[in-house]
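Quick note, the sequences are listed as chains A and B, same order.
Heads up, the first sequence is in our numbering, so the first residue is 711 and it goes up one at a time.
Heads up, the second sequence is in our numbering, so the first residue is 711 and it goes up one at a time.
The structure appears right after this line, and notes come after that.
Protein chains: 2
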Amino acid sequence: MGMLPVIVDAMGGDNAPGDIVAGALEAAERGIPVALVGHPDELGDTGPLEVFPAFEVISMAEEPGRAVRTKKDSSIVRAAELVRDGHGSAMVSAGNTGAVAAAALLRMRRISGVSRPAIATTLPVPGGRPRVLLDSGAMADCQPEWLHAYARLGSTFARVRYGIDRPTVGLMSIGEEPEKGNQLVKDTHGLLAADPSIDFVGNIEGRDVLSGPADVVVTDGFTGNVVLKTLEGTVSFLVQQIIGALTAPGAGDAGTTALGLLAPLAAEMDPDAIGGAMLLGVNGVCIIGHGSSGPTAIANAVSVAHDMVEGRLVSHLAAAMSA
Amino acid sequence: MGMLPVIVDAMGGDNAPGDIVAGALEAAERGIPVALVGHPDELGDTGPLEVFPAFEVISMAEEPGRAVRTKKDSSIVRAAELVRDGHGSAMVSAGNTGAVAAAALLRMRRISGVSRPAIATTLPVPGGRPRVLLDSGAMADCQPEWLHAYARLGSTFARVRYGIDRPTVGLMSIGEEPEKGNQLVKDTHGLLAADPSIDFVGNIEGRDVLSGPADVVVTDGFTGNVVLKTLEGTVSFLVQQIIGALTAPGAGDAGTTALGLLAPLAAEMDPDAIGGAMLLGVNGVCIIGHGSSGPTAIANAVSVAHDMVEGRLVSHLAAAMSA
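This is how it looks when you write it as structure tokens:
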């Protein structure tokens, strides 16, 4: 018997269902078992892919908790159920982030020892190892014990996903000294420092996210989301300014040549290559794609989901939480 | 009678006292009344500048509250006293940020209606209006009422400093909807929305800091400091990567030409041109320079301090707080 398919939420994301179906087909062409969930009449040509029906859709702007409770026949809720019930190996959705997290939590349940799942986002670092930032938005208000769990989850994920033998863990703060930070950070610092199962390097600052000593950056979901979006916004702003300067009248051929020299850098920082963010702490592999995911981003997310199933990510996470 | 001098802490900053004294002399050459405070024997050639003696130094790493209480003859504490006692019009220090804020608070006292002062940092935006971010690090744990005061203080500062007639104010969050955010943001949103004295544009996200609708970004000191340093770190990382790509073997003359095309952009984003961060909410003009401030950064900070005294910033802030 072949491996169970990765379940793709065909209705989730700004470009659903067209780009999502295209991405699933691209993944299938790479030889990965994949199936769709969504409204069968709205998906267009799905080729050889199995389609599990779901007749409701949770929109990007809906309040997550209520949407998941009331729309039990939505593609997001059905995707999580299909994984729970053994019809799929993992789920991928580019839909409403909070709803995906809530559905996965409610249907797949938590790994023992985890109070709240966290969203782990990979930050691509040109010429260096990728960084894992968590929580990047699942829970805005956090407890020290939750951040402690994030350190173990993130550390295990960095090991399984990126082959980093003993990932270093940093706690996001506003000064390197243990007594610097807000109350949450001060209360968390000691928990991380006392845990021999992680390689804690202490507090790090915003300027260390891309270039500092930590493979894994632990923070609450509010701060993590602000960091992620500030980083994305700054890169995007600078890229626009640079393109403007190099294509201005007077920049001439040198500008065009320079844009070509910078293209590899842009490609290395392209979030589409990452394959989405990983929801860590639930009993299953769940990948949350960017709302703007196109076909390649979806195909990459499916590929990562498949790898994480084969790599037995969830078993490793459970082992880390019971250590 | 001439205007009172701006008091410069000669002992504060990574490059003190040499670069600080040089910066004060540069400001004096621009015609701005300026005086130094510090250990008279350690300042070298201070030219025509008056030197107020202070025989203790608070280092960059000292715990701020304790340092200010115990080192009453430090240059930072003396600088704040000199302003309070009418010997100076304003103070500038590139020393221990927390100590400068604490000394200014203790010696100058608060503006009526302000519970906690905030550090307002200006973010340069090439080709656009500068943004004011506060609090960027004075208080890590904040109350909704403090953030409400920051909105009025920041708005008034943007008007007096940058001539923005009615600055727009955004609240840093992780979604535009009023119900998105952590508890602090949710509790603050309504206070800002109900205040007719500010032009509140609602929640903004990290990606809006440089390019969104808000002239003034209000947040707690933990988040603000993380945003500021993430932004600085991302710019610095990208600049290094770009220089690397454009000076690599094979980049040739086009790379060199392109670096020249990008130089004006780098100059527009240079934090030294900003003149330091402003401590808002105390009864006096107090500028906190970057620890790495060189002579030009100090001279610019003195110049801004002088402008803010002439522009009666503190009176405008007091009026805004009593509205």
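Think of the CB as a built atom: it goes at the ideal place given N, C-alpha and C, for glycine as much as any other residue.
Relative to the C-alpha of residue i, which residue among the options is closest?
i, options, result
"A:E978", "A:T929, A:A1030, A:T832, A:F932", "A:T832"
"A:G757", "A:E766, A:G748, A:A734, A:G912", "A:A734"
"A:A720", "A:I742, A:E752, A:R740, A:E736", "A:E752"
"B:V1060", "B:G962, B:V895, B:P763, B:V945", "The structure shown does not extend to residue 1060 of chain B, since chain B is modelled only from 711 to 1033, so the question has no answer here."
"A:A987", "A:V949, A:Q951, A:I952, A:L938", "A:L938"
"A:G880", "A:L901, A:P836, A:A850, A:G873", "A:L901"
"B:V718", "B:G873, B:G985, B:V992, B:N993", "B:G985"
"B:T878", "B:R841, B:V810, B:E886", "B:R841"
"A:G748", "A:A777, A:V787, A:R779, A:V778", "A:V787"
"A:D875", "A:Y860, A:E942, A:M882, A:D909", "A:D909"
"B:M770", "B:R740, B:D783, B:G796, B:T807", "B:T807"
"B:D982", "B:R1022, B:A955, B:V1014", "B:V1014"
"B:R740", "B:H1026, B:V1019, B:V1024, B:N1010", "B:N1010"
"A:H858", "A:I730, A:P906, A:V778, A:R839", "A:P906"
"A:D729", "A:M1018, A:H1000, A:P923", "A:H1000"
"B:A961", "A:G954, A:L972, A:I953", "A:L972"
"B:I829", "B:G991, B:D1017, B:V1024, B:T957", "B:G991"
"A:R819", "A:C996, A:D1017, A:H1016, A:R1022", "A:C996"
"A:G922", "B:V793, B:P743, B:T944", "B:T944"
"A:M1018", "A:V936, A:L969, A:G954, A:R869", "A:R869"
"B:L948", "A:A958, A:I953, A:L920", "A:L920"
Please classify residue i as buried or exposed, where buried requires at least 16 neighbouring CB atoms within 10 angstroms.
i, result
"A:D845", "buried"
"A:T966", "exposed"
"B:P727", "buried"
"A:D980", "exposed"
"B:E887", "exposed"
"B:G934", "buried"
"B:K890", "buried"
"B:A790", "buried"
"B:R918", "Looking at the sequence itself, residue 918 of chain B is Asp, so the reference to Arg does not match. When all chains shown are included, B:D918 counts as buried."
"B:D755", "exposed"
"A:E1020", "exposed"
"B:S883", "buried"
"A:V716", "buried"
"A:S1025", "exposed"
"A:S1003", "buried"
"A:A964", "buried"
"A:Q950", "exposed"
"B:A812", "buried"
"A:G994", "buried"
"B:G873", "exposed"
In its own chain, which residues sit with a C-beta less than 8 Å from the C-beta of residue i, not counting the 5 before and 5 after it?
i, result
"A:S822", "A1028, M1031, S1032"
"A:E736", "P1005, T1006, I1008, A1009"
"B:A924", "R841, T878, V879, G880, V911, I914, D918"
"B:G885", "G891, N913, E915"
"A:I742", "V716, V1012, S1013, H1016"
Residues in its own chain within less than 7 Å of residue i by CB, not counting five upstream and five downstream?
i, result
"A:A732", "P1005"
"B:P836", "L975, E978, M979"
"B:M711", "Unreliable placement is indicated for B:M711, whose pLDDT of 44 sits below 50; the coordinate value is still reported in the next sentence. Around B:M711: no qualifying Cβ."
"B:P854", "L894, D897, T898, L901"
"B:L815", "P827, V992"
"B:G847", "T807, I829, G931, G934, N935"
"B:L956", "G965, A968, L969"
Going by beta carbon distance, what residues of the same chain come within less than 6 Å of residue i, once the five residues before and after it are set aside?
i, result
"B:L714", "G798, S799"
"A:P750", "V761, P763"
"B:A850", "G931, F932"
"B:R826", "M849, W856"
"B:V810", "I786, S803, I998"
"A:A861", "V879, L902, I908, V928"
"A:I768", "A777, K781, S784, I786, N806, A809"
"B:S865", "P877, V879, I908, V926"
"A:E766", "K781, D783, S784"
Is residue i near the ligand GDP - that is, is its Cβ less than 7 Å away from at least one heavy atom of it?
i, result
"B:V842", "Of the ligands one can find in the structure shown there are none, so the ligand GDP has no counterpart to examine."
Contiguous alpha helix (DSSP H) assignments of at least 4 residues, all confined to the region 761–845 of chain A: 774–780, 785–794, 807–818
Continuous alpha helix (DSSP H) assignments of at least 4 residues falling wholly in the region 957–988 of chain A: Qualifying alpha helix (DSSP H) stretches, in chain order: 962–978.
Residues of the region 912–930 of chain B whose Cβ lies closer than 9 Å to any Cβ of chain A, in chain order: Closer than 9 Å at the C-beta level to chain A, one finds these residues of the region 912–930 of chain B: E915, G916, R917, D918, V919, L920, S921, G922, T929, D930.
Contact list for the region 876–889 of chain B against chain A, Cβ threshold 7 Å: M882, I884
Near-chain B residues of the region 936–960 of chain A (beta-carbon distance less than 9 Å), N- to C-terminal order: So the list reads V936, V937, L938, K939, T940, L941, E942, G943, T944, V945, S946, F947, L948, V949, Q950, Q951, I952, G954, A955, L956, A958, G960, given in the order they occur along the chain.
Within 8 Å of chain B by C-beta, residues of the region 826–860 of chain A in sequence order: P836, G837, G847, A850, D851
Under 8 Å (Cβ pairs) to chain A, residues found in the region 963–980 of chain B: Of all residues in the region 963–980 of chain B, D963, A964, G965, T967, A968, L971, L972, P974, L975 have a Cβ within less than 8 Å of some Cβ in chain A.
The region 892–909 of chain A: positions lying closer than 7 Å to chain B by Cβ: N892, Q893
Chain A contacts from the region 775–803 of chain B (Cβ-Cβ distance under 9 Å): none
Beta strand (DSSP E) runs wholly inside the region 841–928 of chain B, at least 3 long, in chain order: Inside the region 841–928 of chain B, DSSP marks whole beta strand (DSSP E) runs of 3 or more residues at positions 841–844, 878–882, 909–914, 926–928, from first to last along the chain.
Contact residues within the region 1002–1024 of chain B, judged by C-beta distance below 8 Å to chain A: none
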